[in-house]
Every structure is written in C-alpha cells, then in structure tokens.
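Scroll down for the structure; my scribbles are underneath it.
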Amino acid sequence: METHLGQLSVGEKAVVSGFTEGKRAYRAKLLAMGLTKGIELQITRVAPLGDPLEISVRGFSLSLRRAEAATVLVDRRN
Numbered sequence: 252m253e254t255h256l257g258q259l260s261v262g263e264k265a266v267v268s269g270f271t272e273g274k275r276a277y278r279a280k281l282l283a284m285g286l287t288k289g290i291e292l293q294i295t296r297v298a299p300l301g302d303p304l305e306i307s308v309r310g311f312s313l314s315l316r317r318a319e320a321a322t323v324l325v326d327r328r329n
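If you want this note's numbering, it's the 1-based position in the sequence shown plus 251.
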C-alpha cells in the first residue's frame, strides 16, 4: 500500500517507491541523502511534538521534518 513517509509510525518499515511532485532541488537533496527508489527504511523515533521524525536508512540515522517526509512515497513492509 503506497503512502507517504510522514504517515508511518515508530517501528514501521517501508521501501521508497518515489516522490511527490515538488521542487526538483529538494528532491535532489533527498536523493543525495540516500533516499533512493527501492531502498528500505525504518522509522526509529518521533519528537515529542511529532516533528521531526528520525529514520534509519542505509545504516545511518536521518531526521526529516514531517513536511519533508510527506514528499517521499513509500510502500509499507511488515
């Protein structure tokens, strides 16, 4: 089921399936940080007020604001 990264909960795993339409420069930044199509990631933490969220991807931790995470489309994994 495709959704965006910002809708996942702590502990959930997903695979990047694409990006929403948006600014190309920002999409390039996400790609440079390792969020490429087909890569698996996991939500590891969410800040107390719900923003930002921390993900584990390619063996490192990455923090994204929910607005940024909303641009990343993912397929949930069990």
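Where is the CB? At the ideal position from N, CA and C, for every residue including glycine. Model, not experiment: these values are computed from the prediction.
In summary, Ala-320 is buried, with 16 or more beta-carbon neighbours lying within 10 Å of its beta-carbon over all protein chains present. Collapsing the DSSP output to three states places Ala-298 in coil.
Nearest to Leu-300 by C-alpha distance, out of Ser-307, Leu-281, Ser-268, Arg-316, is Arg-316. The beta carbon of Val-297 sits closer than 7 Å to the beta carbons of Val-261, Leu-304 from its chain, once the five residues preceding and following it are set aside; these are given in chain order. Shown here, Lys-274 sits in coil according to DSSP, grouped into three states, outside any helix or strand.
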